[in-house]
Amino acid sequence: MSNVLVFAEHAHGKFPKTTLVALAAGKDAAAKFGGDCYAALLGKGVEGLAADLAEYGVKKVFVVDDAALEHYVADAYAAALSQLAKDKGTDIVIATATAIGKDLLPRVAIRLDAGMASDITDINADGTILRPMYAGNAIATAKFESQYKVISVRATAFDAAPKSGKAEIEKASVSIDAASRKMKFVSFNEITSNRPVLDEARIVVSGGRGLKSGENFTTVLEPLVDAMGAAMGASRAAVDAGFVPNDLQVGQTGKVVAPELYIAVGISGAIQHLAGMKDSKVIVAINKDAEAPIFQVSDYGLVADLFKAVPELKEEIEKLKH
Amino acid sequence: MKILVAVKRVPDPNATIKVKPDGTGIVTDNLKYVVNPFCEIAIEEALRIKEKVSGTEVVIVSIGGKVSQEQLRTGLAMGADRAILVIAEQELDSVGVARILEKLVRTENADLVLLGKQAIDDDANQAGQMLAELLGWPQATFASKVELSADQKSATVTREVDGGLEDVSFALPGIVTADLRLNEPRYASLPGIMKARKKELKEIPVADLGIDVTPRLKVLSLASPPKRQAGKVVGSVQELVNLLHTEAKVI
Ligand SMILES: Cc1cc2nc3c(=O)[nH]c(=O)nc-3n(C[C@H](O)[C@H](O)[C@H](O)COP(=O)(O)OP(=O)(O)OC[C@H]3O[C@@H](n4cnc5c(N)ncnc54)[C@H](O)[C@@H]3O)c2cc1C
Ligand SMILES: Nc1ncnc2c1ncn2[C@@H]1O[C@H](COP(=O)(O)O)[C@@H](O)[C@H]1O
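Following this line, the structure appears as structure tokens:
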């Protein structure tokens, strides 16, 4: 029997969908390892969030409210989370593979003397896990050989945990010594946008090098994105060129998305890009090169000049809405 | 200062990777291997610091089979000063890699360790963070900018995170893992390649380090992912919208 502790990441006083995915994975792991699923809420002045977290069907919410946890920093958070796991007897620690999850969990694994599986897509009944390797060209089945197990979950691998019940909330305290507080948060340059975030959107419209400039993203692609109520994504080439911010990169080394509809505009379809979107339900590609590899994974392909097709598509979408 | 860079040998990112029919691994016949792209960026960053801070030594290290010599030679040709290859033919998980690196960092007494954020073969994104915890050091993962203080005693690092860019700072020694936008790695020059042949490349059998590197996460088998079929090519925007509405029912 192994109990599970889910790290409940929060931002702006809310739990994003990625956290609900971690909770769903945590409950699945608890069922398969025959234990209970608990949630860990870490931060400063976060007690008010606990009631919300308690509604997602966990056994108990542990709240660690500590001035050292005001801003996320890997060392202090790893100290707190691993200590909580030890104190509460949870052998399995789970978070979603967000930027924070990826940064934090390997440190927790060391503190717990655990093995760690990153970016898993499934947990088998026998406790083995599935995870993609080689940009998704291979799916590995892997087995833990350690008592403690640390798992980061791919954001697209589980449906968000639904609300069910009301768990008990328990305040917990941990001691975070000076040796675990060497990192200092300086600033966060947040890109604010009114669009849905990539992880949560039903529709994602992504642009690539074919857009040719940041200005064209604004004048050509964004009107379509907004007409569809979609999130905007991009290829690495578009991010590298400075057309759009880094956190829009979809792919092996960016975000992994699986929306109902993914529209790739001016993107060739390199394997590293496909790794981040090929599990989308419906894929559309707009590219002027009929030979572009993106067409090999597209349900609907339009061979056309994007500068003509995208404005037209926006018009047609708007017509449909009326 | 002394900078250690961890460099992994991985299949060329442009190569087509296929799983062996028996699931024991990937097909390696005629596969080209390169320096993991993120490690190349890490080497470049170390070299840029060396160019700014006189007296800096850049030591590159790799763990793997003897063949990893090739990737270390590439790093030496780019400009690293010397190389260490820990010969380990067995399968390692990131904990094992981090333990070996910990030992090397301690013996070398490095001030700064640079790694890639992710090896593009195992896609683990773990080793740098694990190494930081083993050493009890601060870390800045997913770095897009590294700035050392004038006295080289501390670092401020810009990180690519969800929702934007974050700055963190810490006193050295510390760990930085490189993201794609940190820099554009140089190519090795011909004179660089000539010089690299004479640079020190020390080999250490993993057994000599006396570390337990038994994997705590063991890969049992590999399988091919489900294949997506190419669908229709549509003739016009109207047809596309029509199909998305009536056939796919997603708009
Ligand atoms: C270590 C590593 C990690 C990587 N990680 C990622 C990742 O996470 N995500 C990612 O996306 N990439 C990643 N890449 C990069 C990847 O290999 C490709 O280089 C990148 O995806 C290409 O971006 P692109 O398709 O926008 O550009 P290109 O390959 O240049 O394609 C542009 C496309 O636009 C089309 N086009 C041009 N003009 C028009 C027009 N007027 N109308 C219609 N179509 C037009 C062209 O036909 C072409 O197909 C990674 C690479 C490496 C080595
Ligand atoms: N076998 C290895 N030899 C040298 N460095 C490694 C090795 N494995 C991982 N690393 C380093 O750790 C980084 C992250 O790897 P990973 O955690 O496997 O995704 C890589 O970019 C390398 O810098």
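Chains as they are written, first to last, in the working numbering: chain A, -10 to 311; chain B, 695 to 945. Each residue gets a CB set at the ideal place from its N, CA and C atoms; glycine is no exception. From a predicted model like this one, the values you see are computed outputs, not experimental measurements.
On the DSSP letters alone, give me the boundaries of the beta strand (DSSP E) that Met105 (chain A) sits inside.
104 to 109
Given a threshold of 16 other Cβ atoms within 10 Å of its Cβ, counted over all protein chains shown, does His262 (chain A) qualify as buried or as exposed?
With 16 or more Cβ atoms within 10 Å of its Cβ, His262 (chain A) is classed as buried.
Which of the three DSSP states is assigned to Gln833 (chain B) in this structure?
strand
Complete runs of the alpha helix (DSSP H) confined to the stretch 190 to 277 of chain A [at least 4 residues]:
Qualifying alpha helix (DSSP H) stretches, in chain order: 211 to 216, 225 to 229, 260 to 263.
Between the stretch 23 to 36 of chain A and the stretch 55 to 73 of chain A, are three or more C-beta pairs nearer than 8 Å?
yes
I'd like to confirm the pairing. Which residues does DSSP put opposite Val851 (chain B) in its beta bridges?
B:Val840, B:Val862
Taking C-beta pairs closer than 8 Å, name the residues in chain A that Gln812 (chain B) reaches, listed in chain order.
Thr242
Got a sec: is the Cβ-Cβ distance from Asn724 (chain B) to anything in chain A below 7 Å?
Output row for Asn724 (chain B): interface = no.
Taking 6 Å as the cut-off, is the beta-carbon of Gly32 (chain A) closer than that to any non-hydrogen atom of ligand 1?
no
Report yes or no: do three or more beta-carbon pairs, one from the stretch 803 to 817 of chain B and one from the stretch 778 to 785 of chain B, lie closer than 8 Å?
Here the stretch 803 to 817 of chain B does not lie against the stretch 778 to 785 of chain B, with fewer than 3 beta-carbon pairs under 8 Å apart.
Is it true that the CB of Val82 (chain A) sits closer than 7 Å to the CB of Val47 (chain A)?
no
Rounded to the nearest angstrom, what separates Asn724 (chain B) and Gly125 (chain A) at their Cα positions?
Using only the alpha carbons, I get a separation of about 20 Å.
Proximity of Ser141 (chain A) and Leu70 (chain A) at Cβ, strictly below 7 Å
no
Identify, in the order they occur along the chain, each residue of the same chain with its Cβ nearer than 6 Å to the Cβ of Ala39 (chain A), setting aside the five sequence neighbours on each side.
The residues are Leu30, Val50, Val52, Ile158.
Where Val10 (chain A) and Val246 (chain A) are concerned, what is the direct C-alpha to C-alpha distance, given to the nearest angstrom?
Across the structure, Val10 (chain A) and Val246 (chain A) are spaced so that their CA atoms are roughly 13 Å apart.
Less than 6 Å separating the Cβ of Arg198 (chain A) from some heavy atom of ligand 1?
Checking the Cβ of Arg198 (chain A) against ligand 1 gives yes.
From A:Asp41, A:Gly199, A:Ile112, A:Thr79, residue whose alpha carbon lies closest to that of Ala253 (chain A)
The residue with the shortest Cα to Cα distance from Ala253 (chain A) is A:Gly199.
Sorted by chain position, which residues of the same chain lie with C-beta nearer than 6 Å to Gln820 (chain B)'s C-beta, five sequence neighbours on each side aside?
Ser788
Leaving out the 5 sequence neighbours to the left and right, which residues in its chain are closer than 6 Å to Ile118 (chain A) when beta-carbon positions are compared?
Ala106, Ile109, Ile112, Ala131
Indicate the three-state DSSP secondary structure (helix, strand or coil) for Phe284 (chain A) in the structure shown.
In the structure shown, Phe284 (chain A) sits in a helix (DSSP, three-state: H, G or I).
Rounded C-beta distance between Lys319 (chain A) and Phe864 (chain B)? I'm assuming under 8 Å.
Nothing in the structure corresponds to residue 319 (chain A), since chain A is present only between -10 and 311.
Over the uninterrupted beta strand (DSSP E) stretch that includes Tyr727 (chain B), give me the two end residues.
727 to 729
Let me see if you follow: with CB-CB separation under 7 Å, is Pro919 (chain B) close to chain A or not?
yes
Where do the ends of the alpha helix (DSSP H) carrying Ser748 (chain B) lie?
Per DSSP, Ser748 (chain B) belongs to no alpha helix (DSSP H) and is neither H nor E.
Is Phe133 (chain A) close to ligand 2? I mean its beta-carbon at under 6 Å from any heavy atom of the ligand.
no
Give a yes or no on whether the minimum CB-CB distance between Ile735 (chain B) and chain A is below 7 Å.
no
Less than 7 Å between the beta carbons of Ile256 (chain A) and Ser224 (chain A), yes or no?
yes
Evaluate Thr85 (chain A) with the Cβ neighbour count: other Cβ atoms within 10 Å of its Cβ, from every protein chain shown; 16 or more gives buried, anything less gives exposed.
buried
Taking 6 Å as the line, does the beta carbon of Lys702 (chain B) fall inside it for any heavy atom of ligand 2?
yes
Would the beta-carbon of Ala274 (chain A) be found less than 6 Å away from any heavy atom of ligand 1?
No, ligand 1 has no heavy atom inside 6 Å of this Cβ.
Mind reading off the beta-carbon distance from Leu795 (chain B) to Val755 (chain B)? Whole number of angstroms is fine, and I expect it under 8 Å.
7 Å
With DSSP collapsed to three states, give me the class of Pro705 (chain B).
strand
Compare the C-beta of Asn113 (chain A) against all C-beta atoms of chain B and say whether one is closer than 7 Å.
Nearest CB-CB separation between Asn113 (chain A) and chain B: not below the 7 Å threshold.
Check whether chain B comes within 7 Å of Lys376 (chain A), counting only Cβ atoms and requiring the distance to be less than that.
Because chain A in this structure spans residues -10 to 311, residue 376 (chain A) falls outside the shown range and cannot be described.
Unbroken alpha helix (DSSP H) run spanning Asp902 (chain B), endpoints:
The continuous stretches of alpha helix (DSSP H) do not include Asp902 (chain B), and DSSP gives it neither H nor E.
Under three-state DSSP, which class holds Val299 (chain A)?
Val299 (chain A): helix per DSSP, three-state reduction.
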